[in-house]
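Peer 1: Read left to right, the sequence shown gives residues 47 to 246 (the working numbering). Here you go, one structure.
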Amino acid sequence: MILTFFLLSLLVLFLGQWTNGWTTMHLFCVYRSSFKDPLFYVRLFGHVLGHASWDHFLNNMLLLLVIGPPMEEKYGSIPLLEGIVFTALVSGVLQCALFPRTALLGASGIVFMLIMLASLSGFSGGIPVTMLLVAALYLGQQVYDIVFVHDNVANFMHIVGGICGTGFGYFYALRPQKRRKVSGAKPGLKFEKTSRHRSR
Numbered sequence: 047m048i049l050t051f052f053l054l055s056l057l058v059l060f061l062g063q064w065t066n067g068w069t070t071m072h073l074f075c076v077y078r079s080s081f082k083d084p085l086f087y088v089r090l091f092g093h094v095l096g097h098a099s100w101d102h103f104l105n106n107m108l109l110l111l112v113i114g115p116p117m118e119e120k121y122g123s124i125p126l127l128e129g130i131v132f133t134a135l136v137s138g139v140l141q142c143a144l145f146p147r148t149a150l151l152g153a154s155g156i157v158f159m160l161i162m163l164a165s166l167s168g169f170s171g172g173i174p175v176t177m178l179l180v181a182a183l184y185l186g187q188q189v190y191d192i193v194f195v196h197d198n199v200a201n202f203m204h205i206v207g208g209i210c211g212t213g214f215g216y217f218y219a220l221r222p223q224k225r226r227k228v229s230g231a232k233p234g235l236k237f238e239k240t241s242r243h244r245s246r
């Protein structure tokens, strides 16, 4: 799934250069527009595949290809795809709601989602120290850039991606615990498809 995401982003970059930016502007960056425009809903999710330049693309993809595969192996392709789609939707909606005069594109939010997800590796309850350290360094850098740097980087959406990654990690880390509780229920109770709940 991570490799597919990389290849799609590469294809989108080539398309953008071939069409002189038309596909990037109309399909792969999100900005406030009419709800009646069907392309708005494409942009709402497709903006994570768009990149403004080769430098922008390489900076995101290098991190994605390092962090992504271990997370895909740990959580599975479909759950990770759900996390990516959810992060794209949340960041797209917030971009339109909070920053109506600017456009958002790039996989930075997805990358920071994966960074926070990686910091939760080995999570078994409580709040991991690694997650606190990563969150402190990461959030501190983003807040500093927002206040002092004033560049074209969507730092707020990086924070959104990190929050989505944290929520995703906790959700999927706690889900097996719920299954174990169900498998240890009293004998008199009946559940459908109990073969999916194995005792460990």
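For each residue, glycine too, the CB sits at the ideal point set by N, CA and C.
Looking at C-beta atoms only, is the number of pairs between the stretch 128-143 and the stretch 183-190 that lie closer than 8 Å three or more?
Peer 2: No, because fewer than three Cβ pairs between the stretch 128-143 and the stretch 183-190 fall closer than 8 Å, the two stretches do not touch.
Peer 1: Helix, strand or coil: which one does DSSP assign to residue 135?
Peer 2: Helix at residue 135.
Peer 1: Short of 7 Å in beta carbon distance, which residues of its chain neighbour residue 131, apart from the five on each side in sequence? Order them along the chain.
Peer 2: Result list for residue 131: 91, in chain order.
Peer 1: Skipping 5 residues on each side, what residues in its chain have a beta carbon closer than 7 Å to that of residue 126?
Peer 2: Correct list, in chain order: 47, 117, 118.
Peer 1: Taking only runs that begin and end inside the stretch 91-172, name each unbroken alpha helix (DSSP H) of 4 or more residues, in chain order.
Peer 2: As far as the stretch 91-172 is concerned, its whole alpha helix (DSSP H) runs of at least 4 residues are 100-121, 123-144, 154-165.
Peer 1: Alpha carbons only, please: which of 212, 191, 152 is nearest the one belonging to residue 162?
Peer 2: Of the listed residues, the one whose Cα sits closest to residue 162 is 212.
Peer 1: If contact is defined by three or more beta carbon pairs under 8 Å, each pair taking one atom from either stretch, is the stretch 92-107 in contact with the stretch 55-70?
Peer 2: Judged by Cβ distances under 8 Å, the stretch 55-70 makes contact with the stretch 92-107, as three or more pairs qualify.
Peer 1: Look at the Cβ atom of residue 210, then the Cβ atom of residue 152, and state whether they are nearer than 8 Å.
Peer 2: Not a contact, by the Cβ cut-off of 8 Å.
Peer 1: If contacts are defined as beta-carbon pairs under 8 Å, then residue 208 and residue 145 qualify, I think. What distance do you get, rounded to the angstrom?
Peer 2: Not a contact, Cβ separation roughly 18 Å.
Peer 1: Determine the burial state of residue 114: buried for a count of at least 16 other Cβ atoms within 10 Å of its Cβ, exposed for fewer.
Peer 2: Under this definition residue 114 is a buried residue.
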